[in-house]
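Shown next, in structure tokens, is the structure this report addresses.
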Amino acid sequence: MSAPRKVHIKSYGCQMNVYDSDRMADLLAEEGFCETATAADADVVILNTCHIREKAAEKLYSDLGRIRPLKQAAARTGRRLAVVVAGCVAQAEGPEIARRAGVVDVIVGPQSYHRLPTLLARAPHEGRLVDTEFPIESKFDSLPHSGPQAVRRRGVSAFLTVQEGCDKFCTFCVVPYTRGAEMSRPVAAVLAEAEELAAAGVREITLIGQNVSAYRGVGPDGQAWTLGRLLYAVAAIGEVSRLRYTTSHPADFDAALISAHRELAALMPFVHLPVQSGSDRILAAMNRRYTRAGYLRAIERLRAARSDLAFSSDFIVGFPGETEADFQESLQLVDTVGYAGAFSFKYSARPGTPAAALPDQVPEAVKLERLLRLQAAIARNQAAFNAKCLGARLPVLFEKPGRHPGQLVGRSPYMQPVHVMADASMIAKTATVTITGLSANSLEGTLAADDSDPRRAAQGEPETCPG
Ligand code: SAM
Ligand code: SF4
Numbered sequence: 009m010s011a012p013r014k015v016h017i018k019s020y021g022c023q024m025n026v027y028d029s030d031r032m033a034d035l036l037a038e039e040g041f042c043e044t045a046t047a048a049d050a051d052v053v054i055l056n057t058c059h060i061r062e063k064a065a066e067k068l069y070s071d072l073g074r075i076r077p078l079k080q081a082a083a084r085t086g087r088r089l090a091v092v093v094a095g096c097v098a099q100a101e102g103p104e105i106a107r108r109a110g111v112v113d114v115i116v117g118p119q120s121y122h123r124l125p126t127l128l129a130r131a132p133h134e135g136r137l138v139d140t141e142f143p144i145e146s147k148f149d150s151l152p153h154s155g156p157q158a159v160r161r162r163g164v165s166a167f168l169t170v171q172e173g174c175d176k177f178c179t180f181c182v183v184p185y186t187r188g189a190e191m192s193r194p195v196a197a198v199l200a201e202a203e204e205l206a207a208a209g210v211r212e213i214t215l216i217g218q219n220v221s222a223y224r225g226v227g228p229d230g231q232a233w234t235l236g237r238l239l240y241a242v243a244a245i246g247e248v249s250r251l252r253y254t255t256s257h258p259a260d261f262d263a264a265l266i267s268a269h270r271e272l273a274a275l276m277p278f279v280h281l282p283v284q285s286g287s288d289r290i291l292a293a294m295n296r297r298y299t300r301a302g303y304l305r306a307i308e309r310l311r312a313a314r315s316d317l318a319f320s321s322d323f324i325v326g327f328p329g330e331t332e333a334d335f336q337e338s339l340q341l342v343d344t345v346g347y348a349g350a351f352s353f354k355y356s357a358r359p360g361t362p363a364a365a366l367p368d369q370v371p372e373a374v375k376l377e378r379l380l381r382l383q384a385a386i387a388r389n390q391a392a393f394n395a396k397c398l399g400a401r402l403p404v405l406f407e408k409p410g411r412h413p414g415q416l417v418g419r420s421p422y423m424q425p426v427h428v429m430a431d432a433s434m435i436a437k438t439a440t441v442t443i444t445g446l447s448a449n450s451l452e453g454t455l456a457a458d459d460s461d462p463r464r465a466a467q468g469e470p471e472t473c474p475g
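If you want this note's numbering, it's the position in the sequence shown, counting the first as 1, plus 8.
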């Protein structure tokens, strides 16, 4: 019997890419491939790329430079190493990649990767292939389901794509061009996948989409369901003790989504709500469709529904025309909201987006200096949030062994890693943990003595971190 062929997949960027990479692994598993952690012993290497910022795209070319000698070494021993570039850089720069990187065999966009097995079979005969179409058929209809073993290997927490693409056209963003128009998966398909994940042992599901709060999937009743309504249906799958969703847009919070936060114990009290800027002038130039006051109102409505809610965000500094006064408004917003954490980025001009053509591009040195000040404010808020967790009793979902013998790592409702001495049988279970220490960005704790019912711990314990 011949050894199984091996595929090495590297994912760059967002959770959507992590999900897509797993689907490509599932597709190739049907063709007899198993996954390998190293490119050197692989028969196929897939680089699943991100185009959101310039740096993300540059990484592709430096990784391709490292793969070239591996491909040459494989060829010397009579082995063929096929190199695939998938994802948003493939979509945006297919012909450019083909011109610059002779090492690449297949270039496939995010909407056509279900054709990967066929493309890999054709490439040895037909030469380099580029497939960056937005096909009529949905790739989801052609993707195999993950087997229970693959799901278990990936852990107790899983992503589930419910929505793709974006119609919002923020002026800085490539997503509407690389991922295409908004598309929502039907409710029945989402629920079937969620049930499979739960049956294979997944205990936390994060519904993902570039713009997940714009979800409008067709329900069994023929109506377009919103994200709020979908969350109620997924929460009804008993084994799933934790639900999350990302990334939502501040202008999209409707009453159903707010009441889901009030009523669904499984919906974790942590919302990633990117604001990008605290300045109304910059928000308008970004075409974000909300004001600073509108953003703060969305936060207030959510906090009124569930008082222990905490927030994270994304910020862009140095958008064209951003003045020091605009930037100060972003800095102040960090303290006003009191984020539990946030990502921050220097504005990166993306070819083809409206903002790239704006005058008043901010010099790199100014962007960097603002980024450092913003990151200091975010770190201060994050440390304050973590400090408030000291002494709290938090439900922790244990994910894997920790670095020290007898230690497990789990996650709090707020996504903080929590290190606890506990038996390995606790993996995939939720238990109440008393937080006893803080280190860098994680927490330490001990199992609460009275925790006898993990499901109650996941759903009923008071969570006392946020103020
Ligand atoms: N849909 C999400 C939203 O509306 O906030 C954002 C998705 S985007 C994949 C993730 C983050 O990348 C954005 O929130 C933004 O902060 C950042 N980003 C996007 N385009 C960028 C650019 N041109 N330069 C710097 N950061 C960018
Ligand atoms: Fe990009 Fe998000 Fe704006 Fe859509 S809503 S264009 S994904 S930043």
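Beta carbons are placed, not taken as given, at the ideal position from N, Cα and C, and that holds for glycine.
C174 has its Cβ nearer than 8 Å to a heavy atom of the ligand SAM. Between A243 and L275, the CB-CB gap stays under 9 Å. Inside the stretch 148-172, DSSP marks whole alpha helix (DSSP H) runs of 4 or more residues at positions 156-162, from first to last along the chain.
Within its own chain, the residues whose Cβ lies closer than 7 Å to the Cβ of G410, once the five positions on either side in sequence are excluded, are L416, V417, H427, listed in chain order. Per DSSP, the unbroken beta strand (DSSP E) holding V426 starts and ends at 425-429. Contact annotation: D71 and K14 have beta-carbon atoms that are not nearer than 9 Å. Straight-line spacing of the CA atoms in A439 and A222 works out to 33 Å. Look at P328: its beta carbon is at least 8 Å from all of the heavy atoms in the ligand SF4. Counted as a single uninterrupted DSSP element, the alpha helix (DSSP H) harbouring P132 occupies residues 124-134.
In the structure shown, the three-state DSSP call for P277 is coil.
Straight through space, the alpha carbons of N219 and R297 are spaced by roughly 14 Å. L405 is positioned such that its CB atom lies no closer than 9 Å to that of R305. For the pair of segments examined, the stretch 267-287 was found not to touch the stretch 224-231: the number of CB pairs separated by less than 8 Å stays below three.
Here F351 is exposed, its C-beta having fewer than 16 other C-beta atoms within 10 Å.
In this structure, the beta-carbon distance from V26 to F167 falls below 9 Å. A distance of 9 Å or more separates the beta carbons of D334 and A158.
Residue range 96-108 is occupied by the alpha helix (DSSP H) that includes P103.
Remark: C-beta atoms of G349 and S320 approach each other more closely than 9 Å. Around the beta-carbon of N394, 16 or more other beta-carbon atoms lie within 10 Å, marking it buried.
Listed in chain order, the alpha helix (DSSP H) elements of length 4 or more contained wholly in the stretch 165-213 are 183-186, 195-207. With contacts defined as CB atoms closer than 9 Å, S267 and G236 qualify as a contacting pair. At least one heavy atom of the ligand SAM sits closer than 8 Å to the Cβ of C22. For V170, the closest C-alpha among the options D139, R224, I144 is that of R224. Under the DSSP assignment, C397 falls in the alpha helix (DSSP H) whose first and last residues are 372-397. For R76, the three-state secondary structure derived from DSSP is helix. Per DSSP, F323 is one residue of the beta strand (DSSP E) stretching across 318-325. Partner residues in the beta bridge of C42, as assigned by DSSP, are K14. Per DSSP, N56 is one residue of the beta strand (DSSP E) stretching across 52-57. Taking the Cβ of R358 as the reference point, at least one heavy atom of the ligand SAM falls within a distance shorter than 8 Å.
Cα atoms of F261 and D288: separation of roughly 19 Å, rounded to the nearest angstrom. Secondary structure at T344: helix, using DSSP grouped into helix, strand and coil. Contact annotation: V279 and A318 have beta-carbon atoms nearer than 9 Å.
In the same chain as P194, and ignoring 5 residues on each side of it, the C-beta atoms closer than 7 Å to its own belong to G225, V226, in chain order.
E38 counts as exposed, since fewer than 16 other beta carbons sit within 10 angstroms of its beta carbon. Collapsing the DSSP output to three states places A244 in coil. Bridge pairing for D139: V116 [DSSP].
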